[in-house]
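The listed protein sequences correspond, in order, to chains A and B. So in our numbering, the last one in the first sequence is 1026, and the numbering has no gaps at all. So in our numbering, the last one in the second sequence is 1026, and the numbering has no gaps at all. For glycine and all other residues, C-beta sits at the position ideal for the given N, C-alpha and C. Notes for the one structure printed next.
There are 2 protein chains.
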Amino acid sequence: MRLSSRGRYGLQAACELALQHGMGPVSARVISERRNVPPAYLEQLLRKMRLAGVVVSVRGPGGGYLLARQPEQISLGDIVRAVEGPIALLECLEPSFAPDECDNMFDCVARAVWKRLGKELEGMLDEITLKELSEDRLDICLCRPTRGRG
Amino acid sequence: MRLSSRGRYGLQAACELALQHGMGPVSARVISERRNVPPAYLEQLLRKMRLAGVVVSVRGPGGGYLLARQPEQISLGDIVRAVEGPIALLECLEPSFAPDECDNMFDCVARAVWKRLGKELEGMLDEITLKELSEDRLDICLCRPTRGRG
DNA sequence: TTTTTTTCCGACTAAACCAGACAGAAAAGG
DNA sequence: CCTTTTCTGTCTGGTTTAGTCGGAAAAAAA
């Protein structure tokens, strides 16, 4: 149950873009050097983030990538979903899952648990913004009370 | 960020053992048939669970596996840790991780987030017992308030 | 004592997934 | 033009997953 390097790299890149927000595009090469991410791999991730609508790109000299919205309007969940796909602990909990693909979906005792836990995790990720992450003010969001859970 | 089939199978097996608790050992073959888990694979998982001290085994005819403690004294976290290893979203957050294996561990912005989230996840898993899972009374534990988080 | 039933153990394998590299096409600016 | 950048698809080596398989060891039953 581990976050892959896509998620880590993606978050690093997004964090860099958040820091440079409002100061023009940042090229993949620059991000790659500053965050120590393999350049060719990073381009793949930035492509995913663009297709997910979380960054926009500018081609040609002086081009690069920018956040598609303000840093406070992009959550960690947005980034993770962009590069890693849907946040779900079980395949049968993904939105695209067809119920007939699993024969014993409804008498699966643990399903309810994983569903709840996945939502809880996703909720936490969606509560933390890129602004908070990049400004290293994580204490703010980590102390914010959870939404009701009963 | 997905639970592997080890975790699912392990939980199914543990749940079956919880249901049969107090009624003697249950063989791997029986569990495999009742829970629809590949028998040879299940044995591997039961071995891990035994080494982790969460089940005990009895050899020979009439033998099988039993829970090492009462169902209400075994958490889902115990099972998941037994079959999947430490619950950590990043490798560098595992207990066995040596700090010198990572060059930029301390200026890694997202580390604090993943640490917190992993602990939160583990905490939830440790609050749910096999008794609750097997009796399908998940509503009890899922409504239990979270421990303080600030 | 032999057979049967079970766990125990290590090794093996096919398929999937991960973490990238690579070659080139397409924009855009100078 | 030429350079700089993104864009796109493809390829690959390594690791992990999800198992299988063959047999050893223990214990009960015959």
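Using beta carbons (cut-off 8 Å, strictly below), is B:Asp1002 in contact with chain A?
No, B:Asp1002 does not count as interfacial toward chain A.
Exposed or buried, B:Tyr885, counting other C-beta atoms within 10 Å across all chains shown (16 or more means buried)?
Answer is buried; the Cβ neighbour count reaches 16.
Please confirm if B:Asp954 has its CB atom under 8 Å from at least one CB of chain A.
Answer no: the Cβ-Cβ gap between B:Asp954 and chain A never drops below 8 Å.
Quick check on the DSSP output: the beta strand (DSSP E) that includes A:Val985 runs from which residue to which?
Here A:Val985 belongs to no beta strand (DSSP E), and DSSP marks it neither H nor E.
Using 8 Å as the limit for Cβ to Cβ distance, is A:Cys891 near chain B?
For A:Cys891, the answer is yes, since a Cβ of chain B falls inside 8 Å of its Cβ.
Can you find a C-beta in chain B that's less than 8 Å from the C-beta of A:Asp1012?
So yes, A:Asp1012 belongs to the interface.
Nearest by alpha-carbon distance to B:Leu893: which of B:Glu1011, B:Leu879, B:Leu927 is it?
For B:Leu893, the nearest C-alpha among the options comes from B:Glu1011.
So, is A:Glu909 buried or exposed, given that buried needs 16 or more other C-beta atoms within 10 angstroms?
When all chains shown are included, A:Glu909 counts as exposed.
Where does B:Val930 sit, in a helix, a strand or coil, going by DSSP?
Note: B:Val930 maps to coil in three-state DSSP.
For A:Tyr941, which residues does DSSP report across the bridge?
The partner list for A:Tyr941 (beta bridge, DSSP) reads A:Val902, A:Ser933.
Mapping DSSP to helix, strand and coil, what is B:Pro880?
Correcting the residue type first, residue 880 of chain B is Ser in the shown sequence and not Pro. Note: B:Ser880 maps to coil in three-state DSSP.
So is A:Leu927 buried or exposed if we call it buried at 16+ other beta carbons inside 10 Å?
Exposed is the call here.
Any beta carbon from chain A within less than 8 Å of B:Arg878's own beta carbon?
Judged by the 8 Å Cβ criterion, B:Arg878 is in contact with chain A.
Excluding sequence positions up to five away, which residues of its chain have a Cβ less than 7 Å from the Cβ of A:Leu921?
Arg882, Tyr885, Gly886, Ala889, Val959.
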